[in-house]
Every structure is written in C-alpha cells, then in structure tokens.
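Trainee:
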Amino acid sequence: MTELRRRGGGGGDPDSTENISDKEADGDDKLTFPGEGEGEIEGDSKADTPDVPPSTDNTPQCLNKALEGLSSRWKNWWIRGILSLTMIIGFFLIIYLGPIMLIFVVMGVQIKCFHEIITIGYRVYHSYELPWFRTLSWYFLICVNYFFYGETVADYFGALVQREEPLQFLVRYHRFISFALYLAGFCMFVLSLVKKHYRLQFYMFAWTHVTLLIVVTQSHLVIQNLFEGMIWFIVPISIVICNDIMAYLFGFFFGRTPLIKLSPKKTWEGFIGGFFATVVLSFFVLQQLLVLQPEQQLSIFNTLRNHLQEQGMLPPAVEEAQ
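In this note's numbering, the protein residues as written are 100 to 421.
(1) Expressed to the nearest angstrom, what Euclidean distance is found between the alpha-carbon atoms of D127 and I241?
(2) Regarding M303 and the ligand ZN, is the C-beta to nearest heavy atom distance less than 7 Å?
(3) Among residues of its own chain, excluding the 5 on either side of S291, which ones have a beta-carbon nearer than 6 Å to its beta-carbon?
(4) Which residue from I202, F278 and G372 puts its Cα closest to that of V321?
(5) Going by CA-CA distance only, name the one from M186, G369 and E327 that's closest to Y347.
(6) Of all the options F285, T377 and I313, which has the alpha carbon lying nearest to the alpha carbon of V208?
(7) Pairing CB atoms from the segment 270-283 with CB atoms from the segment 243-253, are three or more of them under 8 Å?
(8) Relative to the alpha-carbon of Y281, which residue among W173, Y238, N175 and G189 has its alpha-carbon at the smallest distance?
(9) Restricting to Cα atoms, I'd like to know which of G257, K174, R271 and F213 is closest to H308.
(10) Where does K122 sit, in a helix, a strand or coil, going by DSSP?
(11) How many Å lie between F351 and I199 at the Cα?
(12) If you run the structure through DSSP and keep just helix, strand and coil, what is T402?
(13) Measure the C-alpha to C-alpha separation of F191 and R172 and round it to an integer number of angstroms.
(14) G372 and M345: beta carbons closer than 8 Å?
(15) For T366, which of helix, strand or coil comes out of DSSP?
(16) So, helix, strand or coil for P495, using DSSP?
(17) So, using beta-carbon positions, are Y227 and L299 closer together than 8 Å?
(18) What residue does the alpha helix (DSSP H) around R274 start on, and which one ends it?
(19) Just grab the DSSP bridge partners of P357 for me.
(20) How is S170 classed by DSSP in three states: helix, strand or coil?
(21) Between C286, Q261, T402 and I187, which lies nearest to V339 when the distance is taken from Cα to Cα?
(22) Here's a check: name, in chain order, each residue in its chain whose Cβ is nearer than 8 Å to the Cβ of V379, leaving out the five neighbours to either side.
(23) Report buried or exposed for S170, applying the criterion of at least 16 other Cβ atoms within 10 angstroms of its Cβ.
(24) Between the Cα of V270 and those of G249, M287 and N175, spot the shortest distance and give me the residue it belongs to.
(25) Excluding five sequence neighbours on each side, which residues of the same chain lie with their C-beta closer than 8 Å to the C-beta of P363?
(26) Does the beta carbon of Q386 sit closer than 8 Å to a beta carbon anywhere in chain B?
(27) Under 8 Å between the Cβ atoms of Y224 and M303?
(28) Taking 8 Å as the threshold (C-beta atoms), are T316 and I217 in contact?
(29) Could you tell me the distance, in whole angstroms, from the CA atom of L325 to the CA atom of A305?
(30) Which of helix, strand or coil does DSSP assign to K294?
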C-alpha cells in the first residue's frame with residue numbers, strides 16, 4: 100500500500116512531473132527564432148518585441164493644400180511627380196559638384212542601409228539584452244570600410260600618400276592593420292558571449308557579416324567604377340531611376356494584374372512596361388553619353404591636374420623635349 104501511495108498519491112504522476120521539469124530545463128536553454136517555439140515563449144517574445152510604427156504622411160502641407168480638390172489617386176500622382184522631379188534636380192546638382200561629392204553620397208547611403216538592416220535584428224532580439232551587439236556591428240563596419248577604401252586611397256591618391264610619413268606607414272601595413280582590427284573585434288565578440296544565448300549571438304554575428312558583405316561590397320564597387328569615369332556611375336543610376344519612373348507610369352495607367360503580395364500596388368503591366376521602356380531609353384541615352392564622355396573626362400582630368408599642381412600636391416608638368 101505504501102508503495103502504491105507513493106506511486107499514485109501525494110505528488111501526482113511522476114511522469115508528468117518529470118516532463119514538466121524537462122520542459123522547464125529545456126526552456127532555459129532553448130532559443131526561439133521567428134517561426135519557432137510557438138507556445139508560451141512566443142507570447143513573451145511578442146510582448147517584448149516592439150510593434151512596427153504605423154506609416155505617417157510626410158507630405159509637405161503646401162502640396163496637400165494645393166492638391167486638396169483632387170482624388171487620392173491623382174493626388175498621389177502629382178505628389179510623386181513633384182517630389183521625383185525635385186530629387187532628379189538634386190541628383191544632377193550632386194553630379195555637377197563632382198566625384199568627391201558623389202563618394203560622400205554613396206558613403207552616406209551605405210551607412211543608412213547598414214543602420215536599417217542592423218536595426219531590424221536589434222528590434223527583434225533586443226529583449227535578450229545581448230551585450231555589445233550594436234557596438235560590435237558598427238565597429239566591424241569601420242573595419243571593413245578601412246580595409247576596402249584604404250586600398251582605393253593607395254591606388255588613386257598615391258602622390259598624396261607619399262608626401263606624408265604617417266600615411267606611408269598606414270599604406271605599407273594596411274592589410275596587417277585591417278587584419279589586426281578584425282581580430283580585435285572577433286575577440287570582443289568572444290568576450291561578449293553569454294551562456295544560454297550562444298546560438299542567438301552567433302546568429303547575429305552572421306547577420307552583421309552578411310549585411311557588411313551586401314552593403315559595403317556594393318558601395319565599394321560603385322566608388323571603384325566612379326574612379327574609372329563618371330559615366331560608369333551616371334549610366335547605371337540613370338537606368339535605375341528610369342526603370343522606377345516608367346514602371347510607375349505604366350502601372351498607373353495600365354496596371355491590372357498584381358505582381359507580388361508583398362507590394363500589392365506593383366503590377367505585371369508596370370513591370371513589363373518599365374523593362375522595355377528602360378531598354379529603349381537607355382540605348383539612346385548611352386549613345387549620347389558615349390559621344391560626350393571622352394571630352395568630359397579629358398576636361399575633368401586637366402582641371403584636376405592643374406588644381407593639384409597649383410596647390411603643390413603634384414609636381415609641375417615637365418614639357419617633353421621637341
């Protein structure tokens with residue numbers, strides 16, 4: 100009887116008790132990712148995860164008042180048209196300011212893209228209070244930019260580098276310094292590891308590196324093309340702008356079939372019309388740019404060389420003996 104009482108009475112079913120204890124033990128070590136652990140842990144994670152802020156109308160008040168009598172469809176049309184024209188004028192102004200300003204613009208876009216992607220991961224997993232996550236992410240961004248753009252500076256501004264002793268040291272040991280900086284960041288990551296969060300921390304470590312691979316590599320290649328001639332920057336960007344505008348126009352007037360669920364307003368008609376319009380327009384635009392490009396490049400080169408010689412950054416030109 101005593102044995103039966105021990106089995107059936109008092110403490111309940113030992114199997115259920117053992118299962119509960121196992122679940123509690125597993126719950127401490129288990130890491131939930133999106134789509135995993137849809138039990139009680141999902142409720143906690145959802146409660147900790149901040150809601151996506153609702154979209155707000157940032158249209159200037161002057162435009163809203165001027166277009167007050169139009170329907171929402173045509174109001175959106177005019178707002179997009181006016182703002183697009185403003186952005187295009189600003190883009191041409193930046194091009195007029197020269198390649199250095201374009202480099203700063205590309206770097207600004209790179210930093211903003213990196214910030215947006217890293218913020219996604221931080222908002223999802225901030226409830227775990229991972230130490231140094233954002234600090235290490237920005238540190239690795241600095242390291243990767245130093246590695247890529249240090250090579251670019253050494254290749255295209257060698258004359259300036261040779262005039263300064265500290266810059267010569269940085270160029271001579273550039274790759275070693277880059278490797279040492281990365282190792283320092285990796286050591287900081289190892290020191291920041293927290294028990295029971297190893298999987299999540301390595302996941303975010305990979306998230307940071309994939310983001311760097313996508314964002315920094317592309318911006319570096321864009322700047323490399325820019326140094327080879329502004330035409331290699333202007334043409335691709337112009338094609339992207341043209342495709343976006345023409346896809347919107349074709350979708351606005353002829354759009355009937357939705358393209359993807361993620362963006363319900365995009366249509367197959369806009370996608371196909373934008374593609375063919377971009378091919379046709381880029382053909383004619385490219386012909387005109389290729390005709391003007393040699394003279395423009397020669398003029399820019401001569402102006403830059405004369406300016407650097409006047410500032411003493413380049414030795415004066417030596418005329419060849421007749």
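Ideal Cβ placement from N, Cα and C applies to all residues, glycine included.
Mentor: Working from what's here:
(1) Any reading at D127 must be qualified, since the residue scores a pLDDT of 43, below 50, and its modelled position is unreliable; the value itself is stated next. When rounded, the distance between both Cα atoms is 35 Å.
(2) Looking for the ligand ZN in the displayed structure turns up nothing, as the structure carries no ligands at all.
(3) P230 and W231
(4) I202
(5) In this structure, G369 is the residue among M186, G369 and E327 with its C-alpha nearest to the C-alpha of Y347.
(6) I313
(7) yes
(8) Comparing alpha carbon positions, the residue from W173, Y238, N175 and G189 closest to Y281 is Y238.
(9) F213
(10) In this prediction, K122 scores a pLDDT of 41, lower than 50, which makes its location untrustworthy; no coordinate-derived value is stated.
(11) 37 Å
(12) helix
(13) The straight-line gap from Cα to Cα measures roughly 29 Å.
(14) yes
(15) strand
(16) A question about residue 495 goes unanswered here, because the residues of the chain that appear run from 100 up to 421.
(17) yes
(18) H273 to L290 is the extent of the alpha helix (DSSP H) around R274.
(19) The partner list for P357 (beta bridge, DSSP) reads T366.
(20) Three-state result, S170: coil.
(21) Here the closest residue by C-alpha is I187.
(22) none
(23) exposed
(24) Put simply, of G249, M287 and N175 the residue whose alpha carbon is nearest the alpha carbon of V270 is G249.
(25) P357
(26) The chain labelled as chain B is not found in the depicted structure, where only one protein chain is given.
(27) yes
(28) no
(29) 30 Å
(30) coil
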